[in-house]
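Going by the working numbering, the final residue of the sequence shown carries number 313, and the count climbs one at a time with no gaps.
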Amino acid sequence: MTEQNDLRRGLLQGVLAYGLWGVVAAYWKLLADVGPVELVAHRAVWGLGAFAVFAAITGQLGALRAALRDLQTIGVMAASGALLAVNWVLFVWATISGHLLDASLGYFINPLVSVALGTAVLRERLSRLQWIAITLAALGVGILTWRAGRVPWVALLLAGTFGLYGLVRKTAKVAALVGSTIETMLMVPIAVTYLIVIADHGALGHADAATTALLVGTGIVTAVPLVLFTSAARRLPLSTVGFLQYLAPTGQFVLAITVFGEPLALDRFAAFIVIWTGLLVFTVDLVRSRR
Numbered sequence: 023m024t025e026q027n028d029l030r031r032g033l034l035q036g037v038l039a040y041g042l043w044g045v046v047a048a049y050w051k052l053l054a055d056v057g058p059v060e061l062v063a064h065r066a067v068w069g070l071g072a073f074a075v076f077a078a079i080t081g082q083l084g085a086l087r088a089a090l091r092d093l094q095t096i097g098v099m100a101a102s103g104a105l106l107a108v109n110w111v112l113f114v115w116a117t118i119s120g121h122l123l124d125a126s127l128g129y130f131i132n133p134l135v136s137v138a139l140g141t142a143v144l145r146e147r148l149s150r151l152q153w154i155a156i157t158l159a160a161l162g163v164g165i166l167t168w169r170a171g172r173v174p175w176v177a178l179l180l181a182g183t184f185g186l187y188g189l190v191r192k193t194a195k196v197a198a199l200v201g202s203t204i205e206t207m208l209m210v211p212i213a214v215t216y217l218i219v220i221a222d223h224g225a226l227g228h229a230d231a232a233t234t235a236l237l238v239g240t241g242i243v244t245a246v247p248l249v250l251f252t253s254a255a256r257r258l259p260l261s262t263v264g265f266l267q268y269l270a271p272t273g274q275f276v277l278a279i280t281v282f283g284e285p286l287a288l289d290r291f292a293a294f295i296v297i298w299t300g301l302l303v304f305t306v307d308l309v310r311s312r313r
C-alpha cells in the first residue's frame with residue numbers, strides 16, 4: 023500500500039507539473055519585450071528566492087546544508103542546472119518569437135527520449151501496449167519532422183536537454199526541493215553577473231511596474247512545477263514520466279493555435295492526432311495495470 027500510495031502521489035504531481043508547463047507560455051508571452059537570456063536570468067534569481075522559502079517552510083534547510091557539503095551532489099546538480107538553463111532559454115525564445123508550435127513538437131519528441139533513456143540506461147521494461155504507444159508517437163513525430171522540410175533543431179534540442187535533465191534528476195541522491203534549490207543556486211552567480219552587465223538597458227529598473235511584478239513572479243512560476251516534476255520523477259518509472267510529458271506540449275499546442283494565432287496545416291494536425299492516439303494507448307495500459 024505504501025508503494026501504491028507513493029506511485030499515486032507521483033502520478034498526481036506529474037500531471038500537475040506538466041499541466042502548469044502546458045500553459046506557462048502565456049506568462050512568458052506577457053514578457054515578450056524582455057530578451058530570452060535576460061528573462062532566464064530573472065527566473066534563476068527569483069526562482070532561488072522561491073525555492074529557499076519553500077525549503078524553509080517544509081523544514082528542509084538542514085538537508086540543503088548537508089547536500090551543499092557533498093561535492094558529488096554539487097557536480098550532479100551543476101550538470102542538471104546547465105541542461106535546465108539551456109532548455110529554459112530555448113523555450114522562452116520559441117514562445118516570444120512565434121515558434122510555440124515548434125516548441126510543442128520538441129516536447130512531443132521528449133517522451134521518446136525519456137523512454138529511450140529509461141530502457142537503455144536504467145533497463146526499464148515496457149509492456150506490449152507501451153511499445154505500440156511508442157511506435158504511434160514515433161510515427162507522428164516522423165510525419166511532423168518530414169512536413170517541416172528541415173531539421174527541427176529547436177525541437178530536438180528541447181527534447182534532448184529536458185530528457186537528459188530528467189535522467190540526471192532521477193539518478194541524483196537528493197530530495198526534489200533540495201536539488202532544485204541547489205541547481206538554481208549554481209545558476210545565480212552567472213545570472214546576476216549578466217544582469218549587472220546589461221543594467222544600463224535591462225528591464226529591471228527601466229520597465230513599468232507591471233513588467234517588474236511579472237519578472238519577480240517568475241520565481242513562483244519556475245519553482246512550483248519544477249518541484250512537482252522532480253518529485254514525480256523520483257516516484258515514477260522514467261517511461262511513465264515520459265508519457266506524462268505529452269500534457270505540456272498539448273497545452274502549448276492549444277495555446278499556439280487558439281490564443282497566439284500560429285498557423286496549423288491539416289497534415290500537421292493529422293500527425294498530432296497520431297501522437298495523441300499513442301498517449302491514449304499508453305493511458306489504457308496504465309489503467310489496466312492498476313486494475
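In this text, a Cβ means the ideal position worked out from N, Cα and C, and glycines have one as well. These numbers come from a predicted model, not from an experiment.
Relative to Leu-178, the option among Ile-218, Ala-116 and Leu-236 whose CA is nearest is Ala-116. For Ile-118, the enclosing alpha helix (DSSP H) starts and ends at 93 to 118. Between the alpha carbons of Val-190 and Ser-102 lies a gap of roughly 6 Å. With fewer than 16 other CB atoms across the displayed protein chains lying within 10 angstroms of its CB, Glu-25 is exposed. Counting along the chain, the unbroken alpha helix (DSSP H) around Arg-87 starts and ends at 83 to 90. Below 8 Å, enough C-beta pairs join the stretch 293 to 303 and the stretch 157 to 165 to call them touching: three or more. Between the alpha carbons of Leu-250 and Gly-36 lies a gap of roughly 6 Å.
Relative to Ala-245, the option among Arg-31, Arg-65, Asp-92 and Val-135 whose CA is nearest is Arg-65. With fewer than 16 other Cβ atoms from the protein chains shown falling within 10 Å of its own Cβ, Thr-157 counts as exposed. One thing to note: Gly-227 has its Cβ no nearer than 9 Å to the Cβ of Ala-47. Using a C-beta cut-off of 8 Å, the stretch 51 to 63 makes contact with the stretch 214 to 228, since at least three inter-stretch Cβ pairs fall below that distance. DSSP places Pro-211 inside the alpha helix (DSSP H), whose first and last residues are 198 to 219.
Under the DSSP assignment, Ala-39 falls in the alpha helix (DSSP H) whose first and last residues are 24 to 45. The shortest CA-to-CA distance from Val-276 to any of Tyr-187, Leu-127 and Ser-119 is the one to Leu-127.
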